[in-house]
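Enquirer: Got a structure for you, questions after.
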Amino acid sequence: MAPLAAVPALRPSEYTSALIQVLHADAGRIRGARVLEVGCGSGVVLAALGALGAVQLCGVDIEENAVAASAQLLEDLGHGAISELHCGDMWRPVAGRRFDLIVANLPHFPMQPVEIGGRLPTWSSGGADGRSLLDPFLTGLVDHLAPGGRAVITHNAFDDLGRSRDLAAASGLPLRVALTTLVYISPEKLARMTGEVLRAEDGRTIHRYGPYTFGELHIVEIGLAVEGAC
Ligand SMILES: C[S@@+](CC[C@H](N)C(=O)[O-])C[C@H]1O[C@@H](n2cnc3c(N)ncnc32)[C@H](O)[C@@H]1O
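The sequence shown begins at 966 in the working numbering and counts up by one.
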């Protein structure tokens, strides 16, 4: 395969940056890990995990272009021999398998599926409450974590973190917020945000300054290996 240039429609976002920042801060626990990313997009998070010493890089994405781009990126960066990419829905391609670390930056913005900024509707829409992928991810997680394994995921603060904590707890998995940061929300995206969520969260986890809007984003760690979970 010829090396690919960056794919504009798969460009990493501030969500990706925050996720990679938390993974960097925890590099000691990544060396030697077998990792899975659900919704791998460009493959850049897997690339970061490969650079941090993960020994197995498995990626799943529903979009064929994303799978091809991830495979090429990992090959170009010298991780081809430890990489495995699958096109499919969430947990289906990895049924029956377990990993030391599972990462995800799922589509979870509370809005109906719509194309925004040149990205497919499957890129960031999480349905009316933002949870259409978060819920099945959290429900299936326990069946894919190796003993002592954990997940690190992006989680909009306005997507009901309490429900995520309850779902994880129902599987016996503690949840901890590792980082909270602000991400810019474009006017285009804000205009499509579920009205009920916007009204409830405005001034709480959504901060507006004239035409500029920011939302609080958590990076959340889930698993028995998580210290100081609350
Ligand atoms: C917000 S993007 C994140 C991409 C990449 N992980 C990153 O951080 O740059 C979400 C990704 O999830 C993928 N996705 C959406 N629905 C999915 C599903 N049901 N199963 C697997 N992947 C899915 C999308 O195609 C997209 O690549």
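No residue lacks a Cβ here, since even glycine has one placed at the ideal position from N, Cα and C. Just so we're clear, the structure is a prediction, and the values are computed from it rather than from any experiment.
So what's Pro1176 in DSSP terms, helix, strand or just coil?
Expert: coil
Enquirer: Hey, could you find the ends of the alpha helix (DSSP H) Asn1070 is sitting in?
Expert: No alpha helix (DSSP H) contains Asn1070, which DSSP labels as neither H nor E.
Enquirer: DSSP state of Leu1155, grouped into three classes?
Expert: helix
Enquirer: Going by other Cβ atoms of all chains shown within 10 Å of its Cβ, with 16 needed for buried, is Glu1029 buried or exposed?
Expert: exposed
Enquirer: Just checking my contact of Ile1047 with Arg1115 at CB under 8 Å: how many whole Å lie between their CB atoms?
Expert: Under the criterion of beta carbons closer than 8 Å, Ile1047 and Arg1115 do not qualify as touching, at roughly 20 Å.
Enquirer: Would DSSP call Leu1022 helix, strand or coil?
Expert: In the three-state reduction of the DSSP assignment, Leu1022 falls in the strand class, which pools E and B.
Enquirer: Could you check whether the region 1167-1184 touches the region 978-997, counting it as contact only if at least three pairs of C-beta atoms, one from each stretch, sit closer than 8 Å?
Expert: yes
Enquirer: Look up Ile985 in the DSSP assignment and say whether it is helix, strand or coil.
Expert: helix
Enquirer: Whose C-beta lies closer than 7 Å to the C-beta of Ile995 among residues of the same chain, with five residues either side of it excluded?
Expert: The residues are Leu988, Leu1014, Leu1017, Gly1018, Ala1019 and Leu1066.
Enquirer: How would you call Tyr1177, buried or exposed, if buried means at least 16 neighbouring beta carbons within 10 angstroms?
Expert: exposed
Enquirer: So for His1109, helix, strand or coil by DSSP?
Expert: helix
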